[in-house]
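End of the sequence shown sits at 122 in the working numbering; the numbers just go up one at a time, nothing left out.
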Amino acid sequence: MEGSSSDRAFIAFLVNCFCNHCQYRMQLSISEVSKILRELPPIDPVNLYRKQYGNLEGCLKNPGVSRVFWLDSMMIKIRDINDLNDAARAGIISNADASRLIEKNAEIDLLQAEARLRAGIH
1 MEGSSSDRAF IAFLVNCFCN HCQYRMQLSI SEVSKILREL PPIDPVNLYR
51 KQYGNLEGCL KNPGVSRVFW LDSMMIKIRD INDLNDAARA GIISNADASR
101 LIEKNAEIDL LQAEARLRAG IH
(Lines of atoms letter the chains of each structure in order from A and count residues from 1; the text may use other names and numbers.)
(Lines give C-alpha, C1' and ligand atoms only; values in the text may rest on other atoms or scores of the structure.)
Protein backbone atom coordinates (compact mmCIF):
# COMPACT_ATOMS: atom_id res chain seq x y z
CA MET A 1 0.00 0.00 0.00
CA GLU A 2 1.50 3.30 -1.10
CA GLY A 3 1.12 6.58 0.72
CA SER A 4 0.70 7.17 4.43
CA SER A 5 -2.55 7.11 6.35
CA SER A 6 -2.27 10.92 6.49
CA ASP A 7 -2.02 11.04 2.68
CA ARG A 8 -5.11 8.85 2.39
CA ALA A 9 -7.04 10.99 4.91
CA PHE A 10 -6.18 14.16 2.97
CA ILE A 11 -7.21 12.50 -0.30
CA ALA A 12 -10.51 11.41 1.30
CA PHE A 13 -11.06 15.03 2.43
CA LEU A 14 -10.50 16.27 -1.15
CA VAL A 15 -12.83 13.59 -2.50
CA ASN A 16 -15.55 14.86 -0.15
CA CYS A 17 -14.85 18.44 -1.24
CA PHE A 18 -15.19 17.49 -4.90
CA CYS A 19 -18.32 15.38 -4.42
CA ASN A 20 -20.04 17.98 -2.24
CA HIS A 21 -18.96 21.25 -3.86
CA CYS A 22 -18.38 20.69 -7.59
CA GLN A 23 -21.50 21.64 -9.48
CA TYR A 24 -20.63 22.40 -13.11
CA ARG A 25 -16.97 21.47 -13.48
CA MET A 26 -14.86 18.80 -11.86
CA GLN A 27 -12.45 21.28 -10.33
CA LEU A 28 -12.11 23.41 -7.24
CA SER A 29 -9.98 26.48 -6.71
CA ILE A 30 -7.30 26.62 -4.05
CA SER A 31 -9.34 29.36 -2.33
CA GLU A 32 -12.49 27.19 -2.25
CA VAL A 33 -10.64 24.32 -0.59
CA SER A 34 -8.83 26.74 1.76
CA LYS A 35 -12.20 28.07 2.90
CA ILE A 36 -13.41 24.53 3.63
CA LEU A 37 -10.19 23.81 5.55
CA ARG A 38 -10.69 26.94 7.68
CA GLU A 39 -14.02 25.50 8.83
CA LEU A 40 -12.21 22.50 10.36
CA PRO A 41 -10.78 22.64 13.88
CA PRO A 42 -7.10 23.68 13.94
CA ILE A 43 -6.09 20.26 15.27
CA ASP A 44 -8.09 18.28 12.71
CA PRO A 45 -5.74 15.75 11.06
CA VAL A 46 -6.42 17.27 7.62
CA ASN A 47 -5.42 20.74 8.86
CA LEU A 48 -2.31 19.32 10.52
CA TYR A 49 -1.45 17.58 7.24
CA ARG A 50 -1.74 20.87 5.35
CA LYS A 51 0.40 22.65 7.95
CA GLN A 52 3.05 19.95 7.53
CA TYR A 53 3.39 20.98 3.86
CA GLY A 54 2.92 24.71 4.48
CA ASN A 55 0.03 25.19 2.05
CA LEU A 56 -2.32 23.34 -0.29
CA GLU A 57 0.08 23.59 -3.20
CA GLY A 58 2.65 21.72 -1.13
CA CYS A 59 0.11 19.03 -0.26
CA LEU A 60 -0.76 18.57 -3.92
CA LYS A 61 2.90 17.99 -4.80
CA ASN A 62 3.02 14.99 -2.46
CA PRO A 63 3.59 11.87 -4.62
CA GLY A 64 0.51 10.07 -3.26
CA VAL A 65 -1.87 13.01 -3.52
CA SER A 66 -0.57 13.91 -6.97
CA ARG A 67 -1.58 10.47 -8.27
CA VAL A 68 -5.24 11.42 -7.65
CA PHE A 69 -5.31 15.22 -8.00
CA TRP A 70 -3.26 17.79 -9.90
CA LEU A 71 -2.90 21.54 -9.79
CA ASP A 72 -3.61 23.52 -12.96
CA SER A 73 -2.65 27.09 -12.10
CA MET A 74 -4.90 27.72 -9.08
CA MET A 75 -7.43 24.97 -9.86
CA ILE A 76 -7.35 21.49 -8.32
CA LYS A 77 -8.46 18.82 -10.77
CA ILE A 78 -8.80 15.05 -10.69
CA ARG A 79 -6.63 12.72 -12.72
CA ASP A 80 -8.23 10.63 -15.46
CA ILE A 81 -10.16 7.44 -14.73
CA ASN A 82 -7.20 5.14 -15.47
CA ASP A 83 -5.02 7.07 -13.03
CA LEU A 84 -7.74 6.92 -10.35
CA ASN A 85 -8.08 3.17 -10.81
CA ASP A 86 -4.28 2.75 -10.64
CA ALA A 87 -4.20 4.81 -7.43
CA ALA A 88 -6.99 2.65 -5.97
CA ARG A 89 -5.08 -0.54 -6.85
CA ALA A 90 -2.01 0.94 -5.14
CA GLY A 91 -4.07 1.71 -2.01
CA ILE A 92 -3.59 5.47 -2.27
CA ILE A 93 -7.34 6.07 -2.56
CA SER A 94 -10.10 3.71 -1.48
CA ASN A 95 -12.08 1.95 -4.19
CA ALA A 96 -15.20 3.64 -2.82
CA ASP A 97 -13.66 7.12 -3.08
CA ALA A 98 -12.31 6.44 -6.58
CA SER A 99 -15.81 5.31 -7.60
CA ARG A 100 -17.35 8.43 -6.05
CA LEU A 101 -15.03 10.69 -8.08
CA ILE A 102 -15.70 8.74 -11.28
CA GLU A 103 -19.48 8.90 -10.71
CA LYS A 104 -19.38 12.62 -9.90
CA ASN A 105 -17.29 13.25 -13.01
CA ALA A 106 -19.84 11.37 -15.14
CA GLU A 107 -22.67 13.37 -13.53
CA ILE A 108 -20.95 16.67 -14.35
CA ASP A 109 -20.15 15.51 -17.90
CA LEU A 110 -23.86 14.79 -18.38
CA LEU A 111 -24.85 18.22 -17.00
CA GLN A 112 -22.39 19.89 -19.37
CA ALA A 113 -23.68 17.88 -22.35
CA GLU A 114 -27.27 18.84 -21.50
CA ALA A 115 -26.29 22.52 -21.19
CA ARG A 116 -24.53 22.42 -24.57
CA LEU A 117 -27.59 20.79 -26.12
CA ARG A 118 -29.89 23.47 -24.66
CA ALA A 119 -27.55 26.14 -26.01
CA GLY A 120 -27.51 24.53 -29.44
CA ILE A 121 -23.83 23.65 -29.21
CA HIS A 122 -23.09 20.12 -30.33
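Glycine residues also receive a C-beta, built at the ideal position from the N, C-alpha and C atoms. Values in this document were obtained by computation on a predicted structure and should not be read as measured data.
- The Cβ-Cβ distance between Ile-78 and Phe-69 falls below 7 Å.
- It is roughly 11 Å from the alpha-carbon of Asp-97 to the alpha-carbon of Ala-9.
- If you draw a straight line from the Cα of Leu-56 to the Cα of Leu-14, it is about 11 Å long.
- Here Gln-27 carries a strand assignment [DSSP, helix/strand/coil].
- In the structure shown, Asp-86 adopts helical secondary structure according to DSSP, grouped into three states.
- Around the CB of Asp-7, 16 or more other CB atoms lie within 10 Å, so the residue is classed as buried.
- Taking the C-beta atoms as reference points, Gly-64 is found nearer than 7 Å to Gly-3.
- Sixteen is the threshold: when 16 or more other Cβ atoms of the shown chains lie within 10 Å of the Cβ of Ala-88, as they do, the residue is buried.
- Leaving aside the five residues that flank Met-74 on each side, the residues in its chain whose CB is nearer than 6 Å to its CB run, in chain order, Ser-29, Ile-30.
- Closest by C-alpha distance to Asn-105, out of Ala-12, Cys-19, Ile-11, is Cys-19.
- Contact between Val-46 and Leu-37 holds, with the beta-carbon distance rounding to 7 Å and staying under 8 Å.
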